[in-house]
Amino acid sequence: QVQLVESGGGLVQAGGSLRLSCVFSGSIFGFNNVGWYRQAPGKQRELVAIYPRTGSRIYADSVRGRFTVSRDVVKNILYLQMNSLVPEDTAVYYCNADGDGGGWGQGTQVTVSS
């Protein structure tokens, strides 16, 4: 099973930016989809952005135009660039690899202050 390690979370003021990274222990190509999810306190985990094996990237309505998912296929890293952050973006952000041998990272906390 792939190991996923997220980093880049932290405390930021509203309007600020953060870039999350997810390092894959193996090739990032081996999965149907790779992406980011988040879970706020008292809420269910929700999709943030997906980088599919084929096709266009997918974004939640709440982040479209502010967040960008990208990948480095040489370093096997998935990124999430988050701009114009708002307090509602506060959550634990998880990296996911969907497919045989896939799984979840441990999560990284993002806190946006007003």
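Going letter by letter, the sequence shown gives residues 5 to 118 in my numbering. In this text, a Cβ means the ideal position worked out from N, Cα and C, and glycines have one as well.
Spell out the partners DSSP gives residue i in its beta bridges.
i, result
"GLU10", "CYS26"
"GLN85", "ARG23, THR72"
"ILE54", "GLY39, ILE62"
"SER117", "GLN17"
"THR94", "Answer is none; THR94 lacks a bridge partner."
Would you please state the rounded distance, in angstroms, between the beta carbons of residue i and residue j? I believe it to be under 8 Å.
i, j, result
"ASN100", "GLY59", "Going by Cβ atoms, the distance from ASN100 to GLY59 rounds to 17 Å, so no, they are not a contact pair."
"THR112", "GLY13", "3 Å"
Taking 8 Å as the cut-off, decide whether the C-beta atoms of residue i and residue j are in contact.
i, j, result
"GLU50", "ARG42", "yes"
"SER2", "SER21", "Outside the shown range of the chain (5 to 118) lies residue 2, about which nothing can therefore be said."
"ILE54", "ASN37", "yes"
"SER118", "ALA44", "no"
"VAL27", "VAL9", "yes"
On a Cα-Cα basis, can you pick out the residue from the options that is closest to residue i?
i, options, result
"GLN110", "SER29, ASP102, TYR97", "TYR97"
"PHE35", "LEU82, LEU22, VAL52, GLY13", "LEU82"
"VAL90", "ILE32, VAL67, VAL52, GLY107", "VAL67"
"ALA77", "GLY107, ILE32, VAL9", "Sequence inspection shows Val at residue 77; the Ala mentioned does not correspond to that position. Taking only the C-alpha atoms, the option nearest VAL77 is ILE32."
"ASN87", "GLY69, VAL52, GLN48, TRP108", "GLY69"
Please work out which residues of its chain come closer than 6 Å, Cβ to Cβ, to residue i, disregarding the five sequence neighbours upstream and downstream, and give them in chain order.
i, result
"VAL29", "First, the amino acid is wrong: residue 29 is Ser here, not Val. Cβ neighbours of SER29 beyond the five flanking positions: VAL6, GLN7."
"TYR63", "ALA53"
"GLY105", "GLN5, VAL6"
"ARG61", "TYR55, VAL73"
Would you verify that the beta carbon of residue i is, or is not, closer than 8 Å to some beta carbon of chain C?
i, result
"TRP108", "Annotation note: the requested chain C is absent from the structure, which comprises a single protein chain."
Kindly list the residues whose CB is nearer than 7 Å to the CB of residue i, restricted to its own chain and excluding five residues on each side of it in sequence; keep chain order.
i, result
"THR115", "LEU15, THR94"
"THR72", "GLN85"
"GLY107", "GLN5, VAL6, LEU8, ALA101"
Who are the near neighbours of residue i in its chain, counting only those whose CB is closer than 8 Å to its CB and skipping five residues on each side?
i, result
"GLY103", "GLY34, PHE35, ASN36, ASN37"
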